[in-house]
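To start, the structure itself, in structure tokens.
In this note's numbering, the protein residues as written are 10 to 45.
This is how it looks when you write it as structure tokens:
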């Protein structure tokens with residue numbers, strides 16, 4: 010049971026991190042295009 014909770018939390022944390030890193034990449038790319 011505790012393992013299931015840990016897995017759910019780990020997955021949620023990973024998905025959240027993935028979303029943020031994607032947004033960060035997109036922001037960096039758009040900044041590049043604005044700069045040049």
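Backbone N, C-alpha and C define an ideal beta-carbon position, used for all residues, glycine too. These figures come from a predicted structure and were not determined experimentally.
Work out the CA separation of residue j and residue i for me, nearest whole Å.
| i | j | result |
| --- | --- | --- |
| residue 31 | residue 25 | 10 Å |
| residue 22 | residue 12 | 15 Å |
| residue 34 | residue 44 | 15 Å |
| residue 42 | residue 29 | 20 Å |
| residue 17 | residue 36 | 28 Å |
| residue 39 | residue 27 | 18 Å |
By the DSSP assignment, the alpha helix (DSSP H) with residue i in it spans what residues?
| i | result |
| --- | --- |
| residue 37 | 11-44 |
Could you tell me whether the Cβ of residue i comes closer than 8 Å to any Cβ of chain B?
| i | result |
| --- | --- |
| residue 39 | Among the protein chains of the structure shown there is no chain B, as only one such chain exists. |
Leaving aside the five residues before and after residue i along the sequence, list all residues of the same chain whose C-beta is less than 8 Å from its C-beta, in chain order.
| i | result |
| --- | --- |
| residue 14 | none |
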